[in-house]
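Colleague: Each residue of the sequence shown is one higher than the last, beginning at 1 in my numbering.
For each residue, glycine too, the CB sits at the ideal point set by N, CA and C.
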Amino acid sequence: MLYKSTRDKNIKVTSARAIVTGLSNDGGLFVPEYFDTISSEDIILMQDKTYQERSIFILSKFLTDFSSQEISDCVNSAYTTEKFSTNNIIETVKLGDTTHLLELWHGPTCAFKDMALQLLPFLMKTSSKIIGDDTEIVILVATSGDTGKAALEGFKDIDGIKVIVFYPEDGVSQIQKLQMTTQEGDNVFVAAIKGNFDDAQTAVKQVFKDVSLKEKLKITNQVFSSANSMNWGRLVPQIVYYISCYVDLVKNGEINIDELVNICVPTGNFGNILAAYYAKKMGLPVNRLICASNENDVLTDFIKTGLYDKNRIIKLTNSPSMDIIISSNLERLLFDLSNQNDEFICRIFENLEQRGYYEIPDSIKIKINEIFTGYSCNDNDTEKTIKDTFYEYGYLIDTHTAVALNAYNKYKYDTKDETKTIVVSTANPYKFPSSVMLALVGEDKEIGEYDKLKIINDLTGLKIPKQIFSLQEKEILFKLSINKEDIIKKVEDIIDKNYFK
Ligand SMILES: *Cc1c(COP(=O)(O)O)cnc(C)c1O
């Protein structure tokens with residue numbers, strides 16, 4: 001199976017090449033030429049398999065240039081019980097009659113990004129080997145909080161790969177910041193960018209585009225790549241858990257084989273929900289996809305109107321990993337729904353760059369509305385959802401998951417749809433102690449983050465993950481904060497002077 005660029009269908013590469021390169025040279029994203037299907041028999045057979053075995057089965061349908069041994073080595077190195085706090089890797093928790101929370105945060109950094117970023121380094125190393133390329137890879141990451149830490153943890157001390165993370169000084173939680181600035185490893189570098197996530201992302205894109213820096217790297221046998229969800233290697237592991245969750249629901253008698261389910265996803269860059277769409281495309285019985293946003297509701301508006309308008313100011317919310325205005329992976333959905341019309345994709349994304357908006361024709365809007373529903377909520381609603389869920393079910397959720405659950409509750413109220421629904425839980429609540437404590441006790445307190453962890457623990461009895469609790473003993477290793485205008489010079493310095501530890 002080959003992968004095409006969304007902006008030029010004639011560019012076709014293997015999965016190994018797509019994973020090593022990250023973004024296509026024409027600025028497009030790589031997508032598979034076609035989607036293999038899974039049948040009811042496959043679902044039944046998967047019931048007796050482990051998460052790792054299910055992953056190998058599904059990844060094999062996409063990474064056709066990898067050998068089975070290579071795929072299983074990657075999977076078995078990534079999803080280990082040393083790194084994940086549950087043998088099952090993911091867990092599903094039932095809340096009420098129709099709601100099944102899919103917990104994706106049992107990995108080392110306590111957010112769902114680990115599901116992909118624990119596997120990606122192994123996929124990347126193997127891809128380099130497959131294409132016979134020994135170029136050293138420099139991963140550049142702009143993060144809204146969780147990707148940065150998950151990339152650092154996934155890539156640390158991996159031979160032949162370096163990783164540089166930029167996070168926005170305004171707009172990550174204190175715990176998220178500490179997780180990154182205390183990162184150990186011989187091949188990592190972390191810096192703050194003055195500004196918000198879009199500033200960080202735009203700055204990192206400048207580096208990718210800088211021809212002279214690229215040339216310079218080439219001389220020393222190095223190349224930039226990305227670990228953002230634009231990379232196919234980030235998306236493909238995410239398809240697995242939707243299928244695996246469905247298999248578990250069948251296995252536990254919660255649904256019948258072939259029964260339709262809805263999937264509700266707290267959304268930022270549109271990566272996670274796109275993986276759910278791809279699972280549906282492969283034949284997973286999915287009814288509706290509910291796209292949940294915080295007050296940065298550009299996607300809710302888009303699903304409603306067909307107009308994508310980024311001319312708005314980013315709001316800093318209590319679900320910071322979703323404070324995003326440009327949802328990059330929407331490009332892959334639109335490519336698919338336009339019957340792979342690369343000219344159309346080029347046209348609308350040129351519009352987005354030049355005018356800050358684009359509008360899709362009715363024919364595509366209708367297709368979106370057949371599958372997607374969008375809802376958004378503000379910080380107050382998010383807090384209320386955390387509180388209500390805890391007092392009703394004794395179950396604590398983080399702010400991002402609360403945005404999703406709030407969306408699902410509204411959807412169910414509006415539609416009276418009783419279809420069983422998988423609501424994706426993307427982070428451990430202890431990653432966002434200030435907001436979660438405020439939600440539970442109703443007032444902020446002038447106390448440190450660790451005291452907040454303890455208050456939440458006293459109130460809920462939920463165990464504090466040790467990797468979060470132990471942050472307070474760690475030394476801050478990265479203190480640099482830069483202006484976005486200086487990023488190219490800085491990256492050059494980091495590489496030239498080998499600032500990696
Ligand atoms: C990244 C992230 C999201 C958004 O996921 P996308 O794939 O960017 O849509 C939601 N919740 C948490 C906790 C995240 O880290």
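Helix, strand or coil for S173? Go by DSSP, reduced to three states.
Modeller: As a working mapping, residue 173 is identified with position 173 in the sequence shown. Coil at S173, not helix or strand.
Colleague: Work out the CA separation of A18 and K9 for me, nearest whole Å.
Modeller: Position 9 of the sequence shown, counted from the first residue, corresponds to residue 9. Position 18 of the sequence shown, counted from the first residue, corresponds to residue 18. Going from the Cα of K9 to the Cα of A18 covers about 14 Å.
Colleague: Is N329 near ligand 1, going by C-beta to nearest heavy atom under 8 Å?
Modeller: Within the sequence shown, residue 329 is the residue found at index 329, counting from 1. Flag set: Cβ of N329 near ligand 1.
Colleague: Going by DSSP, name the residue or residues bridged to N262.
Modeller: In the sequence shown, the residue the question calls residue 262 occupies position 262. N262 is bridged to T421.
Colleague: I need the DSSP call for T99, collapsed to helix, strand or coil.
Modeller: Taking the first residue of the sequence shown as 1, we reach residue 99 at position 99. Strand at T99.
Colleague: Whole angstroms are fine: how far does the CA of K281 sit from the CA of N409?
Modeller: Residue mapping note: residue 409 aligns to position 409 of the sequence shown, counting from 1. Residue mapping note: residue 281 aligns to position 281 of the sequence shown, counting from 1. Those two C-alpha atoms are separated by around 25 Å.
Colleague: Can you determine whether any heavy atom of ligand 1 sits closer than 8 Å to the C-beta of P121, and answer yes or no?
Modeller: The residue given as residue 121 occupies position 121 in the sequence shown. Outside the cutoff, so no.
Colleague: Please tell me whether K156 and E136 are closer than 9 Å, where the distance is taken between their beta carbons.
Modeller: The sequence position of residue 156 within the sequence shown is 156, counting from 1. The sequence position of residue 136 within the sequence shown is 136, counting from 1. Result no, Cβ atoms of K156 and E136 do not sit closer than 9 Å.
Colleague: Keeping to the same chain, check which residues put their C-beta closer than 7 Å to that of N269; ignore five residues upstream and five downstream.
Modeller: Numbered from its first residue, the sequence shown carries residue 269 at position 269. Same-chain partners within the cutoff: S229, I324, S327, S328, N329.
Colleague: Between F166 and ligand 3, is the CB less than 8 Å from at least one heavy atom?
Modeller: Here the bound small molecules are ligand 1; ligand 3 is not part of this structure.
Colleague: Whole angstroms is fine: what's the gap from V204's alpha carbon to I495's?
Modeller: Here residue 204 corresponds to residue number 204 of the sequence shown, with the count starting at 1. Here residue 495 corresponds to residue number 495 of the sequence shown, with the count starting at 1. Answer to the nearest angstrom: the Cα atoms are 15 Å apart.
Colleague: Looking only at C-alpha atoms, which of L396, K83, T14, S39 sits nearest to V31?
Modeller: Here residue 31 refers to the residue found at position 31 of the sequence shown. The residue with the shortest Cα to Cα distance from V31 is T14.
Colleague: Could you pull the DSSP bridge partners for I193 from this structure?
Modeller: The sequence position of residue 193 within the sequence shown is 193, counting from 1. Note: I193 sits in a beta bridge opposite P168, I482.
Colleague: Counting pairs of Cβ atoms below 8 Å between the stretch 283 to 299 and the stretch 151 to 171, do you hit three or more?
Modeller: No: fewer than three Cβ pairs fall under 8 Å.
Colleague: Would you give the residue range spanned by the beta strand (DSSP E) that Q222 belongs to?
Modeller: Here residue 222 is taken as the residue at index 222 of the sequence shown, counted from 1. Start and end: 222 to 226.
Colleague: How would you call I345, buried or exposed, if buried means at least 16 neighbouring beta carbons within 10 angstroms?
Modeller: For the purposes of this step, residue 345 is taken as the residue at position 345 of the sequence shown. I345 should be labelled buried.
Colleague: Can you tell me whether K479 is buried or exposed, with buried defined as 16 or more other CB within 10 angstroms of its CB?
Modeller: The sequence position of residue 479 within the sequence shown is 479, counting from 1. Flag for K479 reads exposed.
Colleague: Please tell me whether, using a cut-off of 8 Å, the distance from the CB of D398 to the nearest non-hydrogen atom of ligand 1 is below it.
Modeller: What you label residue 398 is simply residue 398 of the sequence shown in a count that begins at 1. Yes, Cβ of D398 sits closer than 8 Å to a heavy atom of ligand 1.
Colleague: With three or more beta-carbon pairs closer than 8 Å as the criterion, would you say the stretch 363 to 383 touches the stretch 232 to 244?
Modeller: Cβ pair count under 8 Å is below three, so no.
Colleague: Return the chain-ordered list of same chain residues with a C-beta closer than 7 Å to the C-beta of M115, the five sequence neighbours on each side being excluded.
Modeller: Looking up residue 115 in the sequence shown gives position 115. Within the same chain, M115 has close Cβ partners L104, G107, P237, Q238, Y241.
Colleague: Is L152 closer than 9 Å to V188 when the C-beta atoms are compared?
Modeller: Taking the first residue of the sequence shown as position 1, residue 188 is located at position 188. Taking the first residue of the sequence shown as position 1, residue 152 is located at position 152. For V188 and L152, yes; Cβs fall inside 9 Å.
Colleague: Excluding the five sequence neighbours on either side, which residues of its own chain have a C-beta within less than 6 Å of the C-beta of Q201, listed in chain order?
Modeller: Locating residue 201 in the sequence shown gives position 201, where the first residue counts as 1. The answer, listed in chain order, is A142.
Colleague: Should A78 be listed as close to ligand 1, given that the test is whether its C-beta is under 8 Å from any heavy atom?
Modeller: Counting from one through the sequence shown, the residue named residue 78 turns up at place 78. No; taking the cut-off as 8 Å, the Cβ of A78 has no heavy atom of ligand 1 nearer than that.
Colleague: What is the DSSP secondary structure of S338, reduced to helix, strand or coil?
Modeller: As a working note, residue 338 is residue 338 in the sequence shown. The answer is coil: DSSP assigns S338 none of H, G, I, E or B.
Colleague: What is the DSSP secondary structure of G374, counted as helix, strand or coil?
Modeller: Working through the sequence shown from its first residue, we reach residue 374 at position 374. In this structure, G374 counts as strand in the three-state DSSP scheme.
Colleague: State the DSSP-derived secondary structure class of C291, mapped to helix, strand or coil.
Modeller: Counting from one through the sequence shown, the residue named residue 291 turns up at place 291. Reduced to three states, the DSSP call for C291 is strand.
Colleague: For P465, which residues of its own chain have a beta-carbon under 8 Å away from its beta-carbon, when the five flanking residues on both sides are left out?
Modeller: Position 465 of the sequence shown, counting from 1, holds the residue named residue 465. Contacts found: S85, C110, N428, Y430.
Colleague: For Y308, which beta-bridge partners are listed by DSSP?
Modeller: In the sequence shown, the residue the question calls residue 308 occupies position 308. The partner list for Y308 (beta bridge, DSSP) reads Y358.
Colleague: Comparing the CB of S144 with every heavy atom of ligand 1, is any distance shorter than 8 Å?
Modeller: As a first step, residue 144 must be located in the sequence shown, where it is residue number 144. Answer for S144: yes, Cβ within range of ligand 1.
Colleague: Who are the near neighbours of C245 in its chain, counting only those whose CB is closer than 6 Å to its CB and skipping five residues on each side?
Modeller: Counting from 1 along the sequence shown, the entry for residue 245 is found at position 245. Answer for C245: T92, L102, I422, listed in chain order.
Colleague: Give me the Cα-Cα distance between R355 and E485, rounded to the nearest whole angstrom.
Modeller: By one-based count along the sequence shown, residue 355 stands at place 355. By one-based count along the sequence shown, residue 485 stands at place 485. The straight-line gap from Cα to Cα measures roughly 22 Å.
Colleague: Would L405 and C264 be called neighbours here (beta carbons separated by less than 9 Å)?
Modeller: Here residue 405 refers to the residue found at position 405 of the sequence shown. Here residue 264 refers to the residue found at position 264 of the sequence shown. A contact, by the Cβ cut-off of 9 Å.
Colleague: Short check: CB of F266 to CB of S173, under 9 Å?
Modeller: For the purposes of this step, residue 266 is taken as the residue at position 266 of the sequence shown. For the purposes of this step, residue 173 is taken as the residue at position 173 of the sequence shown. According to the sequence displayed, residue 266 carries Pro and not Phe. Cβ distance not < 9 Å, so P266 and S173 don't count as in contact.
Colleague: Mark I257 as exposed unless 16 or more other C-beta atoms lie within 10 angstroms of its C-beta, in which case mark it buried.
Modeller: Against the sequence shown, residue 257 aligns to sequence position 257. With fewer than 16 other Cβ atoms within 10 Å, it is exposed.
Colleague: Can we say the stretch 450 to 467 touches the stretch 384 to 398, given the rule of at least three CB pairs closer than 8 Å?
Modeller: Contact holds: three or more Cβ-Cβ distances are below 8 Å.
Colleague: So, using beta-carbon positions, are I314 and N196 closer together than 9 Å?
Modeller: Looking up residue 314 in the sequence shown gives position 314. Looking up residue 196 in the sequence shown gives position 196. Taking 9 Å as the Cβ cut-off, I314 and N196 qualify as a contacting pair.
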